[in-house]
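Heads up, the final residue of the sequence shown is numbered 171 in my numbering, and it's a clean run with no missing numbers. Worksheet for the structure shown next.
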Amino acid sequence: YTQVDAVTGTSTGVYTPGHSGLNANAYAHEFTPSTSYTITRVDLSLSKTGTIPMTYTCEIITQSGSLPSTLVGSASAALGDSSISLTEADVSFYPTAAVTSGTPYYVVLRASSTHATLYASWHRVTVNGRIDVYNALGPVWTNASTTRKVKFKTYSSP
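Take a look at the structure:
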């Protein structure tokens, strides 16, 4: 695999899709590819709080207005408890999505359900800049952050 787009750095906190107390089952991070390619792997920097009862899906979705919108192709891949460590580590998902240079997309991490104490955490870095991260409960995207980016890497086929 060839790494194409990424946000990396030292973690300064987490987002917790699937945490019932935060009223969000999904988080989306905007990225704009600098080249056109087909995403065949996405690594997300994740950890978990214990044995998680839900699965997590990584999606690549389009933008409509300034919000996440529509799933791209078959850009969805799910993982469960055994794939996520108690400590921060890259977790690989294998969606397939053709993306176009200069067009905004979102990497989404979506939980199949919520729980009060058992959930995955998507690690983030602190930045200043445009709105990049949104959260959702169901289909409604809200709560934009302009000071945080989640850690991810996208790859094209080998």
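Don't be surprised by glycine CBs; every beta carbon is placed ideally from N, CA and C. Just so it is clear, the structure is predicted and the values come from calculations on it, not from any experiment.
Quick one: give me the first and last residue of the beta strand (DSSP E) that residue i is part of.
i: ALA39; result: 39 to 44
i: ARG148; result: Note that residue 148 corresponds to Asn in the displayed sequence, not to Arg. Per DSSP, ASN148 belongs to the beta strand (DSSP E) from 146 to 150.
i: GLY26; result: 26 to 28
i: LYS162; result: 161 to 163
Compute the beta-carbon to beta-carbon distance between residue i and residue j, rounded to the nearest angstrom, for a pair I have assumed lies under 8 Å.
i: PHE106; j: LEU92; result: 6 Å
i: ARG123; j: PRO66; result: Rounded, the Cβ-Cβ distance is 15 Å, inconsistent with contact.
i: VAL138; j: THR25; result: 6 Å
i: VAL140; j: THR160; result: 7 Å
With DSSP as the reference, identify every bridge partner of residue i, one or two as the case may be.
i: SER169; result: THR15, ILE52
i: THR155; result: ASN148
i: LEU59; result: ALA102, TRP135
Between residue i and residue j, is the Cβ-Cβ spacing less than 8 Å?
i: ALA133; j: LEU59; result: yes
i: ALA110; j: GLY34; result: no
i: THR113; j: SER49; result: yes
i: THR127; j: HIS32; result: yes
i: VAL206; j: TYR28; result: The chain is shown from 14 up to 171; residue 206 falls before or after that span and cannot be answered.
i: TYR118; j: THR15; result: no
i: ALA37; j: PHE165; result: no
i: CYS64; j: LEU131; result: First, the amino acid is wrong: residue 64 is Thr here, not Cys. Yes, these two residues count as a Cβ contact at 8 Å.
i: VAL163; j: TRP135; result: yes
Considering only residues of the stretch 69 to 142, which uninterrupted alpha helix (DSSP H) runs meet the minimum length of 4 residues and lie entirely inside it, listed in chain order?
none
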